[in-house]
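Here numbering that gives the first Met the number 0 is used: position 76 in the sequence shown is 75, and no number is missing along the way.
Every residue, glycine too, gets a C-beta built ideally from N, C-alpha and C.
What follows is a single structure, written as C-alpha coordinates, with notes after it.
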Amino acid sequence: MPIYEYECTKCNKHFEIMQKISDDTLTSCKECGGDLKKLITNTSFVLKGSGWYVTDYPSADRKKAIDAKKPKAEPKDKGKTSDKKTDAGKKAVKS
(Lines of atoms letter the chains of each structure in order from A and count residues from 1; the text may use other names and numbers.)
(Lines give C-alpha, C1' and ligand atoms only; values in the text may rest on other atoms or scores of the structure.)
Protein backbone atom coordinates (compact mmCIF):
# COMPACT_ATOMS: atom_id res chain seq x y z
CA MET A 1 0.00 0.00 0.00
CA PRO A 2 1.30 3.47 -0.84
CA ILE A 3 2.06 6.09 1.79
CA TYR A 4 0.50 9.49 1.15
CA GLU A 5 1.44 12.79 2.76
CA TYR A 6 -1.06 15.45 3.76
CA GLU A 7 -0.80 18.94 5.19
CA CYS A 8 -3.49 20.94 6.95
CA THR A 9 -4.09 24.39 5.46
CA LYS A 10 -5.25 25.73 8.85
CA CYS A 11 -2.81 24.37 11.47
CA ASN A 12 0.00 23.34 9.05
CA LYS A 13 0.16 19.86 10.60
CA HIS A 14 2.03 17.51 8.27
CA PHE A 15 1.40 13.75 8.42
CA GLU A 16 1.68 10.52 6.44
CA ILE A 17 -0.97 7.84 6.07
CA MET A 18 -0.98 4.44 4.39
CA GLN A 19 -3.96 4.17 2.03
CA LYS A 20 -5.09 2.03 -0.85
CA ILE A 21 -5.08 3.74 -4.22
CA SER A 22 -8.84 3.20 -4.36
CA ASP A 23 -9.41 4.93 -0.97
CA ASP A 24 -10.93 8.41 -0.96
CA THR A 25 -8.59 11.35 -0.37
CA LEU A 26 -8.71 12.73 3.17
CA THR A 27 -10.35 16.16 3.34
CA SER A 28 -10.41 17.31 6.97
CA CYS A 29 -7.72 17.50 9.66
CA LYS A 30 -8.28 15.33 12.75
CA GLU A 31 -6.58 17.95 14.97
CA CYS A 32 -8.39 21.17 14.00
CA GLY A 33 -10.96 20.24 11.33
CA GLY A 34 -9.19 22.36 8.68
CA ASP A 35 -8.93 21.44 5.03
CA LEU A 36 -6.21 18.99 4.01
CA LYS A 37 -4.15 19.12 0.86
CA LYS A 38 -2.47 16.05 -0.52
CA LEU A 39 1.25 16.59 -1.09
CA ILE A 40 3.27 15.35 -4.03
CA THR A 41 6.48 13.77 -2.76
CA ASN A 42 9.34 11.64 -4.04
CA THR A 43 8.99 7.91 -3.95
CA SER A 44 11.38 5.63 -2.12
CA PHE A 45 11.07 3.08 -4.95
CA VAL A 46 14.32 2.95 -6.95
CA LEU A 47 15.11 0.72 -9.90
CA LYS A 48 18.68 -0.56 -9.66
CA GLY A 49 20.68 -3.29 -11.28
CA SER A 50 20.38 -4.86 -14.66
CA GLY A 51 17.12 -5.31 -16.46
CA TRP A 52 15.89 -1.72 -16.35
CA TYR A 53 17.83 -0.12 -19.17
CA VAL A 54 17.68 -0.32 -22.96
CA THR A 55 21.14 -1.89 -23.05
CA ASP A 56 20.08 -4.82 -20.90
CA TYR A 57 17.43 -6.14 -23.28
CA PRO A 58 18.44 -5.00 -26.78
CA SER A 59 16.56 -5.81 -29.95
CA ALA A 60 18.19 -8.23 -32.38
CA ASP A 61 19.52 -5.36 -34.53
CA ARG A 62 20.89 -3.49 -31.52
CA LYS A 63 22.51 -6.67 -30.18
CA LYS A 64 24.30 -7.18 -33.53
CA ALA A 65 25.57 -3.59 -33.41
CA ILE A 66 26.80 -4.00 -29.82
CA ASP A 67 28.55 -7.27 -30.68
CA ALA A 68 30.19 -5.66 -33.74
CA LYS A 69 31.72 -2.95 -31.53
CA LYS A 70 33.25 -5.46 -29.10
CA PRO A 71 36.92 -6.36 -29.73
CA LYS A 72 37.51 -9.82 -31.15
CA ALA A 73 38.52 -12.40 -28.56
CA GLU A 74 42.09 -13.58 -29.09
CA PRO A 75 43.06 -17.20 -28.55
CA LYS A 76 44.38 -18.03 -25.09
CA ASP A 77 47.51 -19.73 -26.54
CA LYS A 78 48.65 -16.67 -28.50
CA GLY A 79 52.43 -16.62 -28.81
CA LYS A 80 52.78 -20.27 -27.89
CA THR A 81 53.32 -22.73 -30.70
CA SER A 82 52.21 -26.26 -30.41
CA ASP A 83 53.93 -27.24 -33.64
CA LYS A 84 57.05 -29.20 -32.68
CA LYS A 85 58.54 -28.91 -36.16
CA THR A 86 59.38 -25.24 -35.63
CA ASP A 87 61.29 -25.95 -32.40
CA ALA A 88 63.17 -28.93 -33.92
CA GLY A 89 64.63 -26.85 -36.73
CA LYS A 90 66.26 -24.30 -34.39
CA LYS A 91 69.94 -24.67 -33.51
CA ALA A 92 71.77 -23.24 -30.54
CA VAL A 93 73.94 -20.30 -31.53
CA LYS A 94 77.21 -19.66 -29.66
CA SER A 95 78.46 -16.12 -29.40
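From this set, Cys7, Asp66, Met17, which residue's C-alpha is nearest Leu35's C-alpha?
Start at 1 with the first residue of the sequence shown, and residue 35 comes out as number 36. That would be Cys7, whose Cα lies nearest to the Cα of Leu35.
For Lys12, I'd like the list of residues in its chain whose CB is within less than 8 Å of its CB, leaving aside the five on either flank, ordered along the chain.
Numbered from its first residue, the sequence shown carries residue 12 at position 13. Closer than 8 Å at Cβ, skipping near neighbours: Glu6, Cys28, Glu30, Cys31.
Relative to the alpha-carbon of Lys37, which residue among Ala59, Met17, Phe44, Ala64 has its alpha-carbon at the smallest distance?
Within the sequence shown, the letter at position 38 stands for residue 37. It is Met17.
Taking Lys62 as part of the alpha helix (DSSP H), name the residues at either end of that continuous run.
Your numbering for residue 62 matches position 63 in the sequence shown. Its alpha helix (DSSP H) spans residues 59 to 68.
Excluding five sequence neighbours on each side, which residues of the same chain lie with their C-beta closer than 7 Å to the C-beta of Met0?
Your numbering for residue 0 matches position 1 in the sequence shown. Result list for Met0: Met17, Gln18, Lys19, in chain order.
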